[in-house]
Every structure is written in structure tokens, then in C-alpha cells.
Amino acid sequence: MLSRKSRITTLTVLVVLAFSTIVPALAYAAPLANNGKDWQYVNGNSWAQNNSPQTQINKGNVDQLEAKWIFPLESGSVSTPQWLVNLLVGEGSTTPPIVVNGVVYFTSTAMKTYAVDANTGRMLWKYQYTVDIEKVKQRLPLIVPRATHFHGIRYWSSQDVLLVPGAECNFIAIDAKTGKEKFQVGPTCIDVPGSKYPYEIFTTMMGTTVLGTYEKERLFIGGSGGNERGADSGYRVGRGMVWAVDMDNPSKVVWRVFNQPPQDKPVNDWALQDCDKGWFYTIPCSEVKTKAPQNLMNDWQIVPGEVPHWSSSVTAMWGQPVVDEDTGFLYLNTGNIMPYFYTDYRPGPNLYGSTIQAIDMNKGQRAWWVQDAPRDPWDYDCNWSGFLADDPKLGKVYVKGCKLGFLHVRDALTGKPIHYIDTRAEGQYDPRMGSLMRGGVRSEGGVGPAKGGLLGVEKPLNPLSESDMKKLALRDQYPDGTWITINPPIGHGSFGSSPSYHDGTIFHYVQTGLATNKLQWLWPRDPSTLPEVAPYTPSPLYVSSGPVNATLVARDLVTGNVKWMYFYPYTNVRAFPTVTGGMVILPHPDGKMRLIDESNGKLLREINLGGTMLIGATVGQDSAGNSKIFVLVGAAVGAQGSIPGNLVAIGLSDRAAAEVKTTTVTTTQSTTVTTTSATTSTVTTTSATTATTTLTSTQPAKTTTVTSEITQTSGLPSEITYAVAAVAVIAIIAAAFLAMRKK
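Using the working numbering, the first residue of the sequence shown is number 4, and each one after it goes up by one.
In C-alpha cells:
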């Protein structure tokens, strides 16, 4: 019989062993679709990390890479609906290729979605979106002033569909196997509270890059942008918002979170309603509320107590909405504040433009927010995607850089700042870029600072300053006809692409360039005299000048320190870096794809593809199990591009592919054994609570494929997983205790 001391020791050991089974689950959360076989989201996985865990193509065999096939994009003028032709729809594609089950998908600006065999480059099907646009305008509050434009599509595994933006403030679900329409999500622009004006198809398509999915609560997540800069931006446009739609009733909007005040009634305390949840870069909103409350009252209101001017809005959320299934938080970033330059039309910090924010999807409420550029006068918004990461030291963090050049690393649950790094400061970029702090805004001839100083170009405007938040009128600083040079330039600014992440390292570009503008103040000082449909061209002369280049920076997530840099001397860079196989893939506008060592930034190889690359490269396997890199070459960016371009697949030579051996961590719901004549065999095993391990090895064999579907619980919410584990722990302890009592 065990002594009392022995029984206590035994019970303690059992408790420790039991709880040790759930500690890894608590410590290491992971994104969905994080596997080396597919590329299902614009930025790879559900946390937008722009990496693939495949190792078949790696830094040791880059010399064996070659173009495997080229798929020419069809001209936008071929078999395109007349309503799109009338909008002068451009050529090419702005959507990174999606790779699923050996098929590559992308959508052109002419709203044609293609499925291409990743093995052969043969087109499998094509879907042409079309609609009677005149009937749509009668049915919905929509205007169609210009051509279509969107930044991505995605794959949704639950229904085996591609989710593609439509022109009716909706998304189309296209069957991934057949190319046939399965269902629609929306419309989302009907009966919008506080929205007085119609929506524009351009900004509803760009509202969010892709449709998010929150599986736990059965919600689709998307958004609609307000007014967007352009020759037609004098149009009145509906209220910018984020929305959730019921998956089981995809025409039902469950909740909306608005990024600008109502257009039909004054809300004097707009900036105070979520003040306790936010920061102006690193200054808590609560501090501004205490020290300078007048700066927050009557946000957006030219006349206190009246509605904002009709031109005011927050534009599109360009990036991938990042969904965390465990916490129920959504992360996204808002576009520029309109009308920019015309700060006298919009006093106040102008919440929630140029922000990073987290939304609690269970409540349909903002959880926290950070405004990177309060009352942003220069289009320095928070474009593109950030990423979510779960770090052993920091916990979950959200990482995002905005156009002005500051990188945020924020606590994902609270929004509290962990790092706020000026990436343009000395030591943060390659010195061959010159000084990125050269004075920001310069006066005529580039001699001396312009009147009024930097005006937020070197640093954001100060939310504690009444002059910055309420009194600043940019036209007083820069009279009509003045030539100025802005650094970083308006457009994509210092952060011109999404950052990437792998194994504790952030990969991001810092870029410079000078934009020379001749300002012409076409709108009157008195906003009440401006017609509600008017041309908006505050800067008709806009040319780049001076050095234009970029530095890719590898930065330690925990410390914020620079690990290494890679200098690109020719232009700015729009395509995101892709991390895979111990290397970083860099598609560049000069027509060369560069592959650099992930550990030290050394150039491994340049591949000249003969055309500009402005879209990030993606990675996935073909039907034979061979990994490939997919990139759009020569494809235009923007609605008015003139070059269709090509989709290019790059893979290992046949000999190298036959020799490769790799181990890849994947997530799957099936067990597959595949043996091919390319001497590759794949064995996949799945556990309900652990990641899948896929072993790929080389051996001579005939082609046989056996796939058995496993019916099991997979991808359970962490609360359920932990609850089940806790019950198991209690059962073990109880059993042990009863057993010892019997003895």
C-alpha cells in the first residue's frame, strides 16, 4: 500500500503530465490554410503572413529553377461585356495567383476569372462576370463612374469556391471545379444607417481586398470604402464601413462598424465614443480627452453641430482582412481621409481614416484602434495588409506599417504598442537610399523649407495641438500654383506593399521617392458654395523626381532590431516579398525576380522574366506534387493599364525535382498516399489536435493515388479544445484519486 506521501507525489506527477498535454495548444496558435501545398489567400494564409512552409524549392537548388510554362492573359477588349468596355476597363490583373489542389486561379480587370492547370499551364475554365448595369443602378444605390479595380480573390475551402468581388456591392462564389456561379454574398449597400449617398462600384470592390470568413460564428466579413481620389472624386459617396453577413443567409447583414460619422445627422462626440479603446500612434486617446478635449469634439464638422461636408469620407481598406478564429478578432487597415489636401473641409483627427484597427466579430464592435496619421493631409494611409503572429515571448501581435514610414507592432488583444519604429531613421535602411529625412516638403525650386514646416511629412500631426487638429488649412501654407516636392510621395508612400513574416522575422520594404506637385486649389474656401458634383483635382501636375528606390529589411519581431538589408536601387516596389524554402522571393518592376537568402539577405539568383512585376509571387504544388512559383509578369496595375501580361510558372528542372527530398508542415483534413512516376511519394497523416506532417521522398514507382477522407473533428475553437482537454485532465485526476482511495 502506498504511503500518504507517495500518493501525493503520484497525484502531482499525474497532474503535471495531464496539463502538459494542453500547454502546447495554449502557446502556439496557428493560421488557417498554412501549408506548403496551396496558397489560398491573397497573402498566403488566414493571418496574411506571405510565406509557404514548402521546402522542395529552396535556397540550395535555386540554380535549377526554370520557367515551366507561360499563360498569356486575354486582352480586356476580347469578349468583354459592353458596360465594362464603356468604362474603359484596363488590361491585366491586380490579383496575386491563388493555388489550390494543383490549379491556379486569378481574375483580370475585365472581371474574367481563370482556372489554369498548375502542371501544364492549360486553361481549365473561364468565368466572365456580367450584369445589366442599368438595372442594377435602378435597384441599388450605386454609381458607376469609372472602371473596375480590385486587389485580390481568395479560395474558401468550406464550399470549394472562389470568392470574387462583383459590381453590385456583392461577392460571387464560383465553383472551383466547374467555374459555375454557386451563390452570391450581398448586396451590402441597401438601407445602410447614416448613409445618405450612393456607393461607387470602384470602392465597393476595393472595400476589402477579399471576403473574410469567420467560421466559428458563420460570418462573411467585408467592407465598403467611401470616396476615393480621382478625377471623379467630386461625387457624393456612401458611408465607409466594415460589415458582417450571415453565411446561412448571405443577403442578411448581421452588423456594421462605420469608419466615418453619419451623413444624415450630426454626431458631436464621434471621436469620443471609442476613445478609451484607441491611440493616436502612441498617444492614448484618453490623454487627448483629458488634456485637449476640444480637439476631439465635433470631429469632421466644419460648423460644430452640423453634419460633415458631403466630400468627407474614409476610403477603401485595401488589404486582406485578417481573421483570428481563436479570439474572434478581425484586423484591418483603413484608407486615406477625403478630401486630402483640403484640411479646412474636415477639422478634427478624422476618425477612423488612416487607422489600424481590431474588431470584435462576436460583438460587431471596435476592440481597439490606432490612427497612424491624425487628420492626414497627404494620403499617408495604412494601405495593404498587416499580419498576425503568435510569438512565445510577445504573445499574439499584429504588425503593420503605414505610408508615412512608421512600423507598428501592437498587442493583438489590447492594441498596446510594443514597437513603434521610424523605418526612415538612420540605421533602419540602406544608406545608399540617401537621407529619408531631407526636409519632407520643400518650396519652389527645392530651396529651403516651405512655409509652415513639414506638416506631418516627417512625423504625424499632433493630436494634442489645436492648431494641427482644428486650425490647419493647407492652402494657407502652399498658395495656389506653388511647386512643392513631397517625401515620401503621395501614392504608396514609404510602405508600398504588405510585410511578410516567418519564424520571428518581419520582412518589409522601406522606400523613398520625391513627388513634385503644382498645387491648384480648385475648391472654394467656403465649402457651402461647392456644388455636390464637382471635379476634384487638387494636384493636376504630379511627377516623380529625385532618387526612387527601396530597401528590403529583415527585422527581429521581439527586439525590433534590423537583422539585414537588401538594397534595390531602381524603383519603388509594390509586390510583397514571399518567404519560402529558406529564401525570400522578390518580384521587381525592372523585370527581374530576385531570390535572396532568408538568413542573411545575400542574393542567391536573379531570373530575368522580361516584364515588370508589380504583384507578389505565390507558391503552390501542381497535381504531380511539384512545387512552383507563380507570378504575373507584364500585367498592368490599375484600371487603365494597357498591357495584358502573362502568368508564369517557375519550377525545378525535371532532374532536380526527381532528386529533391523535403519535409513540409501542413494542415489538412484528409489522408492521402500518392506515388507518381516523377518519383515523388507523399504520405499525409492528420491528428485532430496537431498539425499534419507531410513527408515527400523520391523513389521509382508507377503513378497511383489513393485518398481516404477522414470524418473527424478538426480546427475546433480553442475554447472547445481546452475544455475537452480540461475534462480529460479532471477525469485522469479523479480516477487516480479514487484508485488511491481504494488502496
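Every residue gets a Cβ at the ideal spot worked out from N, C-alpha and C, and that includes glycine.
- Close CB contacts of residue 656 within its chain, under the 6 Å cut and outside five residues either way in sequence, are with 67 and 69 (chain order).
- One thing to note: residue 402 has its Cβ no nearer than 8 Å to the Cβ of residue 414.
- For the pair of segments examined, the stretch 410-424 was found not to touch the stretch 593-605: the number of CB pairs separated by less than 8 Å stays below three.
- Annotated three-state conformation of residue 311 is coil, per DSSP.
- DSSP places residue 200 in the coil class of the three-state scheme, outside both helix and strand.
- The C-alpha of residue 507 lies about 44 Å from the C-alpha of residue 480.
- Judged by beta-carbon spacing, residue 576 lies beyond the 8 Å limit of residue 624, meaning their Cβ atoms are not closer than that value.
- Taken in chain order, the complete beta strand (DSSP E) segments of 3 residues or longer contained in the stretch 472-517 are 486-489, 503-505 and 508-514.
- Here residue 228 really is in contact with residue 320; their C-beta atoms are around 7 Å apart, less than 8 Å.
- With a contact defined as Cβ atoms closer than 8 Å, residue 579 and residue 503 qualify at about 6 Å.
- Secondary structure note for residue 294: its alpha helix (DSSP H) is the uninterrupted segment 288-294.
- Contact between the stretch 278-296 and the stretch 258-267 is absent, with fewer than three C-beta pairs closer than 8 Å.
- Straight through space, the alpha carbons of residue 59 and residue 662 are spaced by roughly 10 Å.
- Inter-residue distance for residue 509 and residue 327 is about 19 Å (C-alpha atoms, whole angstroms).
- The beta carbons of residue 430 and residue 561 sit about 18 Å from each other, so the pair does not count as a contact at 8 Å.
- For the pair residue 342 and residue 333, the CB atoms are not nearer than the 8 Å cut-off.
- Bounds of the alpha helix (DSSP H) holding residue 88 are 85-89.
- For residue 240, the secondary structure class from DSSP, reduced to helix, strand or coil, is coil.
- Of the candidates 397, 272, 335 and 280, the residue whose Cα lies closest to the Cα of residue 308 is 272.
- In the structure shown, residue 157 adopts extended strand secondary structure according to DSSP, grouped into three states.
- A straight-line Cα-Cα distance of about 43 Å links residue 97 and residue 297.
- In the three-state reduction of the DSSP assignment, residue 528 falls in the coil class.
- Here DSSP, grouped into helix, strand and coil, assigns residue 43 to coil.
- Taking C-beta separations shorter than 8 Å and ignoring five residues to either side along the sequence, the partners of residue 613 in its chain run 594, 636 and 637, following chain order.
- For residue 171, there is no enclosing alpha helix (DSSP H), as DSSP marks it with neither H nor E.
- For residue 600, the enclosing beta strand (DSSP E) begins and ends at 595-600.
- Checking the DSSP bridge columns, you'll see residue 55 partnered with 583.
- For the set 202, 610, 188 and 590, the Cα lying nearest the Cα of residue 618 is the one of 590.
- Residue 347 is a Cβ neighbour of residue 476, given a cutoff of 8 Å.
- The alpha carbon of residue 45 has as its nearest neighbour, out of 136, 215 and 650, the alpha carbon of 215.
- It is roughly 19 Å from the alpha-carbon of residue 135 to the alpha-carbon of residue 183.
- In the displayed model, residue 77 falls within coil according to three-state DSSP, outside both helix and strand.
- Within the stretch 348-427, the complete beta strand (DSSP E) segments at least 3 residues long are 358-363, 368-374, 390-394, 398-404, 409-414 and 420-425, listed from N- to C-terminus.
- Excluding its 5 nearest sequence neighbours in each direction, residue 64 has C-beta neighbours in its own chain below 8 Å: 655, 659 and 663, listed in chain order.
- In terms of CA proximity to residue 607, 588 leads the group 592, 615, 588 and 621.
- Here residue 554 has 432, 433, 436, 512, 513, 514, 568, 569, 570 and 571 as same chain residues with Cβ atoms under 8 Å from its own Cβ, once five neighbours each way along the sequence are excluded.
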